[in-house]
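Take a look at the structure below.
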Amino acid sequence: MNPGGIYGESQRGFQQDPNRHYGYCPGQNYQNPNLYYRESPRGDIPNNIQGVYGERAGDIHHRPNGSYLERPVDPQQIPMGYQSMSAVNPQQNSASFHSETGYSHPMSSTQARDGLPASESSATGESGGYKGTVDEFDEFCKEGKVKEAIEVLSLLGKTGVVVDLHRYLQLIQACGEARSLEEARIVHDHIARTVVHVEVGVHNKILDMYTKCGSMVDAYQLFENMPQRNLTSWDTMIMGLSNNGLGEDAIDLFGEFKQKGLRPDGQMFVTIFAACGILGAVNEGMLHFESMQKDFGISPGMEHYVSIVSMLGSAGYLEEALEFIEQMPVEPSVDVWETLMNLCRVNGNVELGNRCFEVIEQLDSSRLNEQTKIGLLPVKASDLAKEKERKKANLLEVRSRVHEYRAGDRSHPEHEKIYAQIKGLAPQMKEAGYVPETRFVLHDIDQESKEEALLYHSERLAVAYGLMTSPARSPIRIIKNLRVCGDCHNAMKIISKLVGRQLIARDAKRFHHFENGACSCKDYW
1 MNPGGIYGES QRGFQQDPNR HYGYCPGQNY QNPNLYYRES PRGDIPNNIQ
51 GVYGERAGDI HHRPNGSYLE RPVDPQQIPM GYQSMSAVNP QQNSASFHSE
101 TGYSHPMSST QARDGLPASE SSATGESGGY KGTVDEFDEF CKEGKVKEAI
151 EVLSLLGKTG VVVDLHRYLQ LIQACGEARS LEEARIVHDH IARTVVHVEV
201 GVHNKILDMY TKCGSMVDAY QLFENMPQRN LTSWDTMIMG LSNNGLGEDA
251 IDLFGEFKQK GLRPDGQMFV TIFAACGILG AVNEGMLHFE SMQKDFGISP
301 GMEHYVSIVS MLGSAGYLEE ALEFIEQMPV EPSVDVWETL MNLCRVNGNV
351 ELGNRCFEVI EQLDSSRLNE QTKIGLLPVK ASDLAKEKER KKANLLEVRS
401 RVHEYRAGDR SHPEHEKIYA QIKGLAPQMK EAGYVPETRF VLHDIDQESK
451 EEALLYHSER LAVAYGLMTS PARSPIRIIK NLRVCGDCHN AMKIISKLVG
501 RQLIARDAKR FHHFENGACS CKDYW
């Protein structure tokens with residue numbers, strides 16, 4: 001009996017049909033007493049924490065009893081850009097080497113309910129040492145320990161404790177920050193089955209979580225099935241596409257947004273300018289900038305000027321970016337000049353970069369650090385960066401174990417095999433056109449030593465171990481806590497082509513999807 005309208009558990013649990021090419025879709029059976037049809041303005045989590053659905057008829061499959069299920073998305077309807085980011089189906093993904101989880105088998109409905117793989121769901125509560133309290137759950141969420149939080153969530157469920165929506169939102173945020181895709185799917189499933197009415201603001205948080213985890217297939221599945229979408233929904237989806245290197249899809253979705261007669265706000269245009277920068281579509285970006293003012297009456301803010309400078313500079317139009325700054329009707333901020341300075345150094349225009357440096361020094365010298373003064377970007381992190389508190393590391397996970405790598409690290413129990421794997425790839429990479437960029441090595445050592453230092457950067461150690469331990473043709477996912485260096489970026493493009501694998505790296509700036517010798521960021525990050 002379910003008088004409160006709580007979602008009944010679906011026997012589907014996790015959809016892991018090997019014939020499907022789209023993302024995760026939690027089983028849902030909603031009670032739906034309040035049907036209405038509209039697109040609403042931008043909004044966050046409402047004061048009414050239970051929420052009320054605002055639905056669109058095209059997104060719902062009705063059942064005779066008045067409940068409804070998520071509308072399945074035809075794989076053929078998913079844009080090609082999304083599909084290219086998911087080279088394997090969800091079932092294959094669950095057993096592959098990646099940075100989210102090591103669950104090696106599809107989950108049954110019972111396992112999905114508990115949020116644990118079969119081998120752990122029965123044992124963790126008794127031997128894992130967890131108390132299964134709300135305070136413990138809060139602490140794990142605060143510390144970003146999403147797996148532990150989900151295990152505690154399972155224990156709470158077994159004892160009949162219902163976690164409120166606020167705590168689910170904490171876990172959603174933690175999953176997004178940790179880029180833990182499998183855990184993100186489990187949280188989504190929990191919410192779908194335990195929250196009576198999921199408001200649009202909550203769906204937006206889940207959508208943002210999926211984009212941060214780098215799964216635009218899951219994000220697209222959710223976006224297409226959202227009963228109600230507001231401005232934040234569209235903006236989150238467009239921004240997710242842009243941040244994941246799918247600039248063309250982002251612009252196409254923006255076009256669909258306008259065709260529906262909806263009005264963008266200034267925040268959405270910032271995202272569109274970034275998407276145009278990824279594509280190098282400078283002319284289109286400037287047309288959007290003009291349209292923002294003439295068609296929608298939005299006066300440019302400093303964030304728009306920064307975005308235009310970034311768009312121009314990322315496409316190599318540095319002089320045009322400078323001209324744009326000089327013609328601004330307001331005084332350019334430090335952010336504007338800093339953006340141009342960074343782009344100058346990326347593009348090798350030291351002279352213009354130094355001019356920007358001088359302007360920034362006059363406006364706010366605190367924005368400059370030692371790396372800037374020696375000609376490096378403040379965000380460009382080599383393995384020999386002098387800031388010890390920001391030591392670079394790559395985190396990845398194999399079969400529920402976290403593996404961490406640092407440049408030149410030999411602490412891993414299989415480091416000899418890892419180094420042998422890298423050495424075996426080195427000659428093939430050079431034959432494919434790889435040329436080491438030794439300017440990313442700060443130590444005053446000879447050329448050969450610099451090349452060897454580059455060879456054992458942390459992201460390459462992670463990729464090498466992934467190649468050793470993951471199934472053929474499955475994607476390899478790694479998480480990097482700083483910006484990927486230019487040499488490793490070039491190396492990973494070449495490696496992806498040599499091994500025929502998709503390499504997905506999340507650094508401090510964005511997701512990089514390396515495939516067939518190219519990166520989704522179009523070599524700008």
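Here the UniProt record's numbering is used: the first residue of the sequence shown is 1, the next is one more, and so on.
For each residue, glycine too, the CB sits at the ideal point set by N, CA and C.
The Cβ-Cβ distance between Ser520 and Asn244 falls below 8 Å. Between the alpha carbons of Arg193 and Ala321 lies a distance of about 51 Å. Distance from the CA atom of Asp218 to the CA atom of Tyr210, rounded to whole angstroms, is 6 Å.
Its Cα nearest to that of Met286, the residue Val309 stands out among Glu303, Val309 and Gly297.
Taking the Cβ atoms as the reference, Phe273 lies roughly 5 Å from Met311, within the contact range of under 8 Å. The DSSP assignment places complete alpha helix (DSSP H) segments of no fewer than 4 residues inside the UniProt repeat "PPR" (230–264) at 231–243 and 247–259, in order along the chain. Burial state of Val435 is exposed, judged by a 10 Å Cβ sphere holding fewer than 16 other Cβ atoms.
Excluding its 5 nearest sequence neighbours in each direction, His288 has C-beta neighbours in its own chain below 6 Å: Ile272, listed in chain order. By the neighbour-count criterion, in which a residue is buried when 16 or more other Cβ atoms sit within 10 angstroms of its Cβ, Gln502 is buried. Per DSSP, reduced to three states, the secondary structure at His457 is coil, with no helix or strand assignment. Nearest to Ala250 by C-alpha distance, out of Leu262, Asn230, Gly261 and Tyr220, is Tyr220.
Contact annotation: the segment 181–196 does not touch the segment 230–237, with fewer than three C-beta pairs closer than 8 Å. Between Val334 and Arg367, the C-beta gap is smaller than 8 Å, which places the two residues in contact.
According to DSSP, residue pairing for Ala505 in a beta bridge involves Ile478 and His512. At the C-beta level, Ala184 and Cys141 stay beyond 8 Å of one another.
DSSP places Glu151 in the uninterrupted alpha helix (DSSP H) bounded by Val146 to Lys158. Here Ala315 carries a coil assignment [DSSP, helix/strand/coil]. Just so you know, the alpha carbons of Ala426 and Leu498 end up roughly 11 Å apart.
In the DSSP annotation of this structure, the continuous segment of the alpha helix (DSSP H) that includes Thr211 starts and ends at Val200 to Lys212. With distances taken between CA atoms, Met226 lies nearest to Ile206 out of Ile504, Gln428, Asp364 and Ile206.
Note that the C-beta distance between Ala508 and Arg483 is below 8 Å. Judged by beta-carbon spacing, Ile238 lies beyond the 8 Å limit of Phe223, meaning their Cβ atoms are not closer than that value.
For Ser496, the enclosing alpha helix (DSSP H) begins and ends at Gly486 to Val499.
Here Cys519 is bridged, per DSSP, to Phe514.
Closest in alpha carbon position to Arg439, among Ser449, Thr236 and Ile479, is Ser449.
Annotation for Gly176: the continuous alpha helix (DSSP H) segment containing it runs Leu165 to Ala178.
Rounded to whole angstroms, the Cβ separation of Glu177 and Gly201 is 19 Å, and the two are not in contact under 8 Å. Taking all protein chains shown into account, Asp523 has fewer than 16 neighbouring C-beta atoms within 10 Å of its C-beta and is therefore exposed. Put simply, the backbone Cα of Leu279 is about 19 Å away from that of Met292. Secondary structure at Arg473: coil, using DSSP grouped into helix, strand and coil. Gly240 has its alpha-carbon roughly 31 Å from the corresponding atom of Met468. Annotated as distal: Ile325 and Met341, with beta-carbon spacing of 8 Å or more. Taking C-beta atoms as the reference points, Glu459 and Cys488 count as a pair closer than 8 Å. Between the alpha carbons of Ile478 and Glu139 lies a distance of about 25 Å.
When the beta-carbon positions are compared, Arg473 and Arg179 stay at least 8 Å from each other.
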